[in-house]
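Accompanying notes for the structure given below.
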Amino acid sequence: MKIVTGSSNTDLAEKIAKQLGLELTPLETFIFPDGERRIRVLDNVLEDDCIVVQPTSPNVDTNYIELFLIVDALKRNGARDITVIMPYMGYQRQDHQFRDGECVSLEVMIKAVESLGADKIITFDMHSIRIPDLFHIPIKHLSAIPIFAQTIRKNGWENDDTILISPDMGGINRIKLLSEALDNMPYANVVKNRDLATGKVVAADVDCESSTWKKKSFEGKRLILVDDMISSGHTIDEAGKLLKKLDAGDMYTFVTHAIFSSEAPQILQNSAMENIYVTDSVFVPKVKQFAKLKVVSIAKKVGEEIKS
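For the sequence shown, position 43 matches number 41 in the working numbering, and the numbering has no gaps at all.
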């Protein structure tokens, strides 16, 4: 078995390789003056099962092109089976046609990686449960929920003073799964309203009717917000402001994918959250790290999946 990585998250690739007892197979990458890439696999991969670690996180287009070239290089040089570990899948928010005349960007990326010869995909916490249906090759959709549950237990946050919060209705299934993993910890979800004049979305209320926390009181309670990704940080910030008005106690956020915009670190650092927990599905450069940020790794779970 050989494991190779593109440039999007070499830290995660090294951790996964360590879990598997492997060394990373070296690649030679040359970038031409116009930005074109040339990829060469330096080891013999003939009849080998190969693993490619390449989250297609920002810069999304560059990382997809690099992934395509790596898969093609492995296939052309005789790799028997190619598993792509793409913990974060770029373009997943464009999984269907929202308006007439639009392309379906995610389907374009899927067709490309399939046609180049990938045999299996391993990914984490996709934005929609419908996405696996778009693939024609096996896909394993893993979740960071068990890792989050383990971290919450390790911090001793399992008592009656803790409530799980989804920052919007779209994440209610995710919050239910974490609740079940934590012995049915109570949960509620934030209701967001859109200002029709400005288009701004604000956290307006907390829905306790369709939740398991019916008391409507959050006074002094420890709240744990859970989501699949953070981009700008505004959703978490708005939810924190609302919950503080309801006299909540300490608040923490657990999010799988840290797709941080340039403004996100400052917004999150200044938010009402005590800490922001993310996984290493996406590499967070030093320029986007901040004091409240804590990173937990998915490498062990990926290693277990490959071994199985």
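Beta carbons are placed, not taken as given, at the ideal position from N, Cα and C, and that holds for glycine. Remember, it's a predicted structure, so these values are computed and weren't measured experimentally.
Short Cβ contact (8 Å threshold) for residue i with residue j
{"i": "Met227", "j": "Val204", "result": "no"}
{"i": "Val51", "j": "Ala11", "result": "yes"}
{"i": "Val69", "j": "Leu114", "result": "yes"}
{"i": "Lys13", "j": "Cys48", "result": "no"}
{"i": "Ile150", "j": "Glu156", "result": "yes"}
{"i": "Gly88", "j": "Tyr62", "result": "yes"}
{"i": "Pro184", "j": "Ile170", "result": "no"}
{"i": "Ala256", "j": "Val224", "result": "no"}
{"i": "Ser279", "j": "Ile304", "result": "no"}
{"i": "Leu240", "j": "Val293", "result": "no"}
{"i": "Ser260", "j": "Ser229", "result": "no"}
{"i": "Gly231", "j": "Ala262", "result": "yes"}
Span separating the alpha-carbon of residue i from that of residue j
{"i": "Glu272", "j": "Lys290", "result": "7 Å"}
{"i": "Ala116", "j": "Thr233", "result": "35 Å"}
{"i": "Tyr250", "j": "Gly154", "result": "13 Å"}
{"i": "Val300", "j": "Leu175", "result": "19 Å"}
{"i": "Pro85", "j": "Ile119", "result": "9 Å"}
{"i": "Ser178", "j": "Arg172", "result": "Correcting the residue identity first, residue 178 is Glu in this sequence and not Ser. In a straight line, the C-alpha of Glu178 is about 10 Å away from that of Arg172."}
{"i": "Lys109", "j": "Lys152", "result": "41 Å"}
{"i": "His94", "j": "Ala15", "result": "35 Å"}
{"i": "Tyr275", "j": "Leu140", "result": "18 Å"}
Where residue i falls: helix, strand or coil (DSSP)
{"i": "Glu34", "result": "coil"}
{"i": "Lys109", "result": "helix"}
{"i": "Thr23", "result": "coil"}
{"i": "Gln152", "result": "Inspection of the sequence shows that residue 152 is occupied by Lys rather than by Gln. Helix at Lys152."}
{"i": "Asp159", "result": "coil"}
{"i": "Val285", "result": "helix"}
{"i": "Thr54", "result": "coil"}
{"i": "Ala15", "result": "helix"}
{"i": "Asp41", "result": "coil"}
{"i": "Arg91", "result": "coil"}
{"i": "Leu180", "result": "coil"}
{"i": "Lys174", "result": "helix"}
{"i": "Asp225", "result": "strand"}
{"i": "Ser103", "result": "helix"}
Continuous alpha helix (DSSP H) stretch holding residue i: start and end
{"i": "Asp131", "result": "Looking at the DSSP string, Asp131 is not in any alpha helix (DSSP H), and its letter there is neither H nor E."}
{"i": "Thr233", "result": "232 to 243"}
{"i": "Phe66", "result": "58 to 74"}
{"i": "Ile304", "result": "297 to 305"}
{"i": "Leu266", "result": "262 to 267"}
Whole-angstrom C-beta distance between residue j and residue i, which should lie under 8 Å
{"i": "Ser6", "j": "Pro53", "result": "5 Å"}
{"i": "Phe122", "j": "Ala142", "result": "6 Å"}
{"i": "Leu25", "j": "Val2", "result": "6 Å"}
{"i": "Glu105", "j": "Leu65", "result": "So it is not a contact: roughly 16 Å between Cβ atoms."}
{"i": "Lys138", "j": "Asp166", "result": "Wrong, their Cβ atoms sit about 26 Å apart, outside the cutoff."}
{"i": "Ile269", "j": "Gly247", "result": "First, the residue type needs correcting, since residue 269 is Ser and not Ile in the sequence shown. So it is not a contact: roughly 15 Å between Cβ atoms."}
{"i": "Thr277", "j": "Ile145", "result": "7 Å"}
{"i": "Ala307", "j": "Asp46", "result": "An answer regarding residue 307 cannot be provided, because it is not within the stretch -1 to 306 covered by the chain."}
{"i": "Ile313", "j": "Glu100", "result": "One cannot answer for residue 313 here, as it falls past the ends of the chain, which runs -1 to 306."}
{"i": "Thr23", "j": "Ile37", "result": "That belief does not hold up - the Cβ atoms of Thr23 and Ile37 are roughly 12 Å apart, past 8 Å."}
{"i": "Lys245", "j": "Phe216", "result": "One point to set straight first is that residue 245 is Asp, not Lys, in the sequence displayed. 6 Å between Cβ atoms; contact."}
Proximity test, residue i beta-carbon vs the ligand SAH heavy atom, cut-off 7 Å
{"i": "Glu261", "result": "Looking for the ligand SAH in the displayed structure turns up nothing, as the structure carries no ligands at all."}
Endpoints, beta strand (DSSP E) assigned at residue i
{"i": "Asn273", "result": "273 to 277"}
{"i": "Ala256", "result": "249 to 256"}
{"i": "Leu114", "result": "Neither: Leu114 is in no beta strand (DSSP E) and is coded neither H nor E."}
{"i": "Asp79", "result": "79 to 83"}
{"i": "Val280", "result": "Val280 -> no beta strand (DSSP E), and no H or E assigned at all."}
{"i": "Lys292", "result": "291 to 294"}
{"i": "Ile137", "result": "137 to 140"}
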